[in-house]
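With this note's numbering, the residue at position 96 of the sequence shown is 108, and numbering never jumps.
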Amino acid sequence: MSVQRGIGRRLAIAGVALAGLLASSPGNAALPEASRSGPTSQLEARLSVVILDGKSDASGGAARTEQQTWLSIGDQRVPVPAALAKGLHTGSVTATISGAVGSRPGDIAQALRSGAARVTALHQAGSGHRTTLGTRQVTVVPVTWPGSEPAVTPERIKSSHDFADRFWNGNTEDQIDLSLQKIYPTTPIAMTRDQITYCDNFAVEAAVRQKYPDIVVDDTHHLAIVTPSWSQCWWGGMAMFDSGLLWINGDMPGSVWAHEFGHNFGLGHQGLMICYADVATRRVVTLSKMCDDVTYEDPWDVMGARAVGALTAAARVQLGTIPASARHVVSANETITIAPVAAKSGIRSVVLQVDNGYYEVEYRTPTGWDDWIDNQSFTYGNGELTMPGGGIIVRYVQGQDLDNNADRFAINFHPTTPIQYDVHPGMDAGESYTFPWDDLKVTVESATAEGARVRFTRGGDDGVQRWAGSDRYAASATISRFGLPENSGKVFLASGEIFTDALSGAGVAGAAKSPLLLTQRDRLRSSVSQELDRRFSFATTVLGGPASISADLASILIGFGPVTRLSGADRYETSAAISQKSFAPGVDLAYVASGVVFPDALSGAPVAGKQKAPMLLTKTDSLPPSIAAELKRLRPKGVVILGGTASVTAAVEAQLAAASGAPVSRLAGADRYAVSALVSQRNFAAGADTVFVASGAIYTDALSGAPVAAAKGSPLLLVKGTSIPEPIAAELTRLAPKSIVILGGPNSVSTGVEAALAAYVRK
């Protein structure tokens, strides 16, 4: 799993006009002349992302943290807003600039510094950064300047480095090894008074590189510059994000060195979330809408500053030192056994999505690098708890980006007033918690040295849950995340405004166990772009022509992998094109539904996906030539019409038989709900694990849900917005599912229907 997932692409997509933003750029920092595109220009530059970490104060906390982001344009540096660089790593970028700039590097830098121009977007070419595992060579250069304090001794440097090496080696199962190649003799460098006063770390770097031009700094070669105790500076250490450069301010312990190497590897900070019930009393609670994200105050993790415990499971997934299969995304009511973070196998990271973002869950026990966590205890309430204790740890992912170097903040299940940071934030066996702005409940059923058994339930324990979003696009992203594997390798993109292309593609997406995401014609909503970033690398199939999804928007997706468009002159030619690309001749069945009346195709899409059969659209009273030609090519063994003669006439039925040379049958009912029930009855046995339910009047949720239903071998039933039609009620009774998933929000399927569905869940 990659550390960097292309969030820069999302920033460019969301904040800037689409045309021309993803022009390719070579992987170096050479500067071509700025290319003109209306009021904007693009140029190549080198991005530097530096994290500054505050020195610990007397209480063990940290002063502050800060991120600096710079563009190197030629031989000049220009600061850029940190928000533009969020998720990007140190290296070559394409910068989009608004305002008048010249063609020479100096003119461009001056225009940016003066405010005559500004950077509006940054895009990192290529597939993003991944931490290189294996041996990393470390070179250390201690420096002094006139009037500085004595340099740190080689013995102290080696001691601190050796601790960092033991930590990373021990927490990655020997997959990251920090090999100390050389400690240079203390090197005098020239520094101006201003450079010393204003803590110019870049001046220190430049001086070291001038003295030792042969030192290599890259993914596998680190340069640690150790300054004398630089009293003017508030930071204890700083590091270049996703690079090999770090600075250490004086005699710092090995934990600081390990922390800065973590930034080099692309890891963000760990902290603690402190929340308040109200403004007046500042009474502390576990979660609320009034929370302070306190960086460094995670009581376990090296990417905090209070302790050095085992590396978090989330960080290990990011680094690739444990497989992606060790992370599980909760998508339904389920009970999961979570292995300790130090375990060699099993699920070690669980991802939750609630209304305000993502949370990650792990389990800590007093073993290995965590063997110290049970050393002290205190009395809380009516029982004794350890300090800080282990148990189930839940962290909020800041920015909602699971793998974009995001900072994470542990939530405190045992808050105290006044605040005590180390008062056992974790959950123990027998405890439970329900998120205040969601119906997600976390219950720790048991906890042993081998693992914790944790139950996750939504909608109480009635077996009914809802996958929804703020709009149809956000709902399609939620359905994708909850319902389908992250590493499917494919994504299907269809219009959320013109439904016909998705009708033919939903079954194909389901057969590939891949999502069908909805988009506007020329703009990706942020919810969809975040889901694309999460999936990181995939082949995209665009369903429909430029009238449905523009060429500019389709070009954006090239950054994720190859893009194929399946389209035709109309919905019927597009349907035929999707089939032709996806199915070889001799299929067992071909499904045919109306291209004008959509619900029948919605109910049939999961079946088509399950059976790896095409879904072809037809006019009500005539068979389009493109569909007739495709049936002749397919030579199916049978054809199934979905819907009655009001949707597909008897005349078309005869034409289907003639074109395919196969027997034709029909699944029909009094209305769309009867057809939906009949399709399910003919194709799914009783005792289903999961049944998906969607509106029979608002089609978009069912479009995105059909591939999930197909991939899981589950039926998709249509209901009215405020009631369950009788045929659907009868089919639910027959199916007796273990769980029901509603697709879409209460405006599509009401809370009353949600409550009524619970009666059909098998207890």
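Heads up, the beta-carbon is just placed ideally off N, CA and C, and yes, glycines get one too.
Asked, Found
"One or two residues paired with residue 504 in a DSSP bridge", "528, 553"
"Nearest neighbour of residue 345, chosen from 761, 707, 701 [CA to CA]", "701"
"Environment of residue 760 [buried if 16+ CB atoms lie within 10 Å]", "buried"
"Extent of the continuous alpha helix (DSSP H) run through residue 305", "Residue 305 -> not in any alpha helix (DSSP H); beta strand (DSSP E) instead, spanning 303-307."
"CA-to-CA distance, residue 185 to residue 4, given in whole angstroms", "Any property of residue 4 remains undetermined from this structure, which presents the chain solely from 13 to 775."
"Runs of beta strand (DSSP E) lying entirely within the stretch 150-234, each at least 3 residues, in chain order", "188-195"
"Runs of beta strand (DSSP E) lying entirely within the stretch 74-140, each at least 3 residues, in chain order", "77-85, 88-91, 103-111, 129-135"
"Alpha carbon of residue 251 to alpha carbon of residue 705, nearest angstrom", "50 Å"
"Buried or exposed by the 16-neighbour rule on C-beta atoms within 10 Å, applied to residue 244", "exposed"
"Simplified DSSP state of residue 449, which is helix, strand or coil", "coil"
"Where residue 52 sits in the DSSP three-state scheme", "strand"
"Straight-line Cα distance separating residue 526 from residue 499", "9 Å"
"Per-residue burial, residue 126 [other beta carbons within 10 Å of its own, 16 or more giving buried]", "exposed"
"Residue range of the beta strand (DSSP E) that includes residue 247", "247-252"
"Contained alpha helix (DSSP H) runs [length at least 4] in the stretch 680-741, N- to C-terminal order", "684-695, 712-724"
"Segment contact flag, the stretch 259-276 with the stretch 164-184, C-beta cutoff 8 Å, min 3 pairs", "yes"
"Span of the beta strand (DSSP E), counted from its first residue to its last, around residue 346", "346-350"
"Inter-residue CB distance, residue 357 and residue 339 (contact presumed, cutoff 8 Å)", "No, residue 357 and residue 339 are not in contact; Cβ-Cβ is about 13 Å, not under 8 Å."
"Cα-Cα separation between residue 159 and residue 275, rounded to whole angstroms", "31 Å"
"Beta-ladder partner(s) of residue 602, from DSSP", "651"
"Nonlocal neighbours in the same chain, by C-beta distance under 7 Å from residue 589, ignoring five residues either side", "578, 579, 580"
"Beta bridge counterpart(s) of residue 277 as assigned by DSSP", "Residue 277 pairs with nothing; no bridge assigned."
"Residue 468 in three-state terms, based on DSSP", "strand"
"Selected residue, minimal CA-CA separation from residue 574, among 562, 554, 161", "554"
"At least 3 beta-carbon pairs within less than 8 Å: the stretch 416-429 vs the stretch 290-300", "yes"
"Distance, residue 520 Cα to residue 556 Cα", "14 Å"
"Cβ pair residue 755, residue 689 closer than 9 Å", "no"
"The stretch 483-497 / the stretch 525-540 touching (three or more Cβ pairs under 8 Å)", "yes"
"Residues that residue 513 bridges to, as DSSP identifies them", "DSSP output for residue 513 lists no bridge partner at all."
"Residue 322 versus residue 623 - alpha carbon distance", "46 Å"
"Enclosing beta strand (DSSP E) for residue 282 [first to last residue]", "282-288"
"The alpha helix (DSSP H) enclosing residue 646, as first and last residue numbers", "637-646"
"Distance, residue 729 Cα to residue 538 Cα", "29 Å"
"Cβ-Cβ separation, residue 628 to residue 7 (assumed contact under 8 Å), whole Å", "There is simply no residue 7 to check, as the chain begins at 13 and stops at 775 in what is shown."
"contact_flag[the stretch 147-161, the stretch 101-118] where n(CB pairs < 8 Å) is 3 or more", "no"
"One or two residues paired with residue 339 in a DSSP bridge", "361"
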